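K.L.:
For what it's worth, my numbering labels the leading residue of the sequence shown as 8, then goes sequentially. Handing you a structure now.
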Amino acid sequence: MIPKSHPRYESLLLRDKMVKASKEGYLADSALIAHGRGEAFDYLIGEKTTYPAKRAMYVAVAALLLSNNPVISVNGNATALAIDEIIEFANAINAKIEINLFYKTNERVKIITKLYEDHGYRNILGGLDDDIEYINDIENNRASASKNGIYTADTILIPLEDGDRAEILKKSGKNILTIDLNPLSRTSKMSDVSIMDNIVRAIPFMTQIANDLKTQDKKILVELVNEFDNEENLKESLEQIKVKE
Ligand code: ATP
Ligand code: MG
């Protein structure tokens, strides 16, 4: 048990979740390393949600609410850290959830499918018997997508995504939103909206935003999306990283 008074309490809890998920067999070998990279950036922003991240979250939620077929892409890390929060958010914005693994194995897809079912979500896409297509005919796991999900989606939220896959999705003309603690990653740079925040803080906050924006006029959502400049917002995000004490 980690005492609540420990200065790294929250961070250690997340590590525990990752270790547990790793033991349960649904994380890729490099998943813990990816988590560590995220942790380092989180440390540098004081493990708090910054203003540019909040602004990006409003825009991302507006874009999701305005789209016809929004999909949330999940991998092992996102599932390990925020499964219930992701399900709640998907329900709040009427989005589908699709499993997408960079290092895909049937075993990991099976475990993750069952986890979502056990947590009360029955319609997960990207499962073993789903119809899979290849984006732009790139016959590679990085381009695989569910026919009723990412393949036909107009807006996709890709938290903790790898740059290669983000690039394929971006090139296919879709609206790409990401949650990524590293504002310098290729995924952050390539996305239309990049939220520099920890997924465990971002998703619940986005559910709150969704409940607020859902009652607003559509015109306001369109304005939010149109006035946003991701490059500028990423610059501001980067300025939040403090290297001095
Ligand atoms: P890219 O391929 O986009 O250049 P990368 O190779 O640095 O990025 P990947 O391992 O491909 O990194 O993707 C994982 C990304 O997820 C990293 O940028 C990391 O900072 C981020 N990340 C890890 N844990 C979290 C978390 N809990 N919340 C948000 N982002 C996270
Ligand atoms: Mg990468």
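By construction, the Cβ of each residue, glycine as well, lies at the ideal position given by its N, Cα and C atoms. Keep in mind the model is a prediction, meaning the values are calculated, not measured.
Per DSSP, which one or two residues make a beta bridge with lysine 103?
P.N.:
Paired residues: Val78.
K.L.:
In terms of residue numbering, what span does the beta strand (DSSP E) encompassing isoleucine 248 cover?
P.N.:
Taken as a continuous stretch (DSSP letters only), isoleucine 248 belongs to no beta strand (DSSP E), as it is neither H nor E.
K.L.:
Measuring alpha carbon to alpha carbon, tell me which of Ala63, Arg15, Val68 and Gln223 ends up nearest proline 190.
P.N.:
Looking at the Cα atoms, Ala63 is the closest of the given residues.
K.L.:
Return the CA-CA distance between leucine 231 and serine 74, expressed in angstroms with no decimal places.
P.N.:
Going by the C-alpha atoms only, they are around 14 angstroms apart.
K.L.:
So what does DSSP say about serine 153, is it helix, strand or coil?
P.N.:
If DSSP states are grouped into helix, strand and coil, serine 153 belongs with the strands.
K.L.:
Considering only their Cβ atoms, is the gap separating proline 77 from isoleucine 100 smaller than 8 angstroms?
P.N.:
Closer than 8 angstroms, so yes.
K.L.:
Taking 8 angstroms as the threshold (C-beta atoms), are phenylalanine 48 and leucine 188 in contact?
P.N.:
Yes, Cβ-Cβ distance for leucine 188 and phenylalanine 48 is below 8 angstroms.
K.L.:
From asparagine 84 to serine 151, what does the alpha carbon distance come to, in whole angstroms?
P.N.:
Cα-Cα distance, rounded: 19 angstroms.
K.L.:
Ignoring anything shorter than 4 residues, give me the alpha helix (DSSP H) runs that lie fully in the segment 204-237, in order along the chain.
P.N.:
Runs of the alpha helix (DSSP H) inside the segment 204-237: 206-220 and 225-233.
K.L.:
Counting by C-beta, which residues lie closer than 5 angstroms to a heavy atom of the ligand MG, in chain order?
P.N.:
Those residues, listed in chain order, are Asp169 and Gly170.
K.L.:
Within its chain, find whatever has a CB closer than 7 angstroms to the CB of isoleucine 210; leave out the 5 residues flanking it on each side and keep chain order.
P.N.:
Same-chain partners within the cutoff: Ala89, Glu92, Ile93 and Phe96.
K.L.:
Could you spell out where the beta strand (DSSP E) holding valine 179 opens and where it closes?
P.N.:
One detail in the question is off: residue 179 reads as serine in this sequence, not valine. Per DSSP, serine 179 belongs to no beta strand (DSSP E) and is neither H nor E.
K.L.:
When every heavy atom of the ligand ATP is checked, does at least one fall within less than 7 angstroms of the C-beta of serine 198?
P.N.:
Not so, every heavy atom of the ligand ATP lies at least 7 angstroms from the Cβ.
K.L.:
Closer than 7 angstroms to a non-hydrogen atom of the ligand ATP - does that hold for the CB of valine 207?
P.N.:
Under cutoff, so the answer is yes.
K.L.:
Going by beta-carbon coordinates alone, are alanine 41 and leucine 167 separated by less than 8 angstroms?
P.N.:
Yes.
K.L.:
Thinking just about the alpha-carbon of each residue, which of Glu114, Arg115 and Ser80 is nearest to the one in alanine 102?
P.N.:
Here the closest residue by C-alpha is Ser80.
K.L.:
Would you tell me roughly how many angstroms separate the C-alpha atoms of leucine 122 and leucine 72, rounded to the nearest one?
P.N.:
Approximately 26 angstroms between the Cα atoms of the pair.
K.L.:
Relative to the C-alpha of isoleucine 216, which candidate in Val66, Ile106 and Lys181 has its C-alpha closest?
P.N.:
When only C-alpha atoms are compared, the closest one is Val66.
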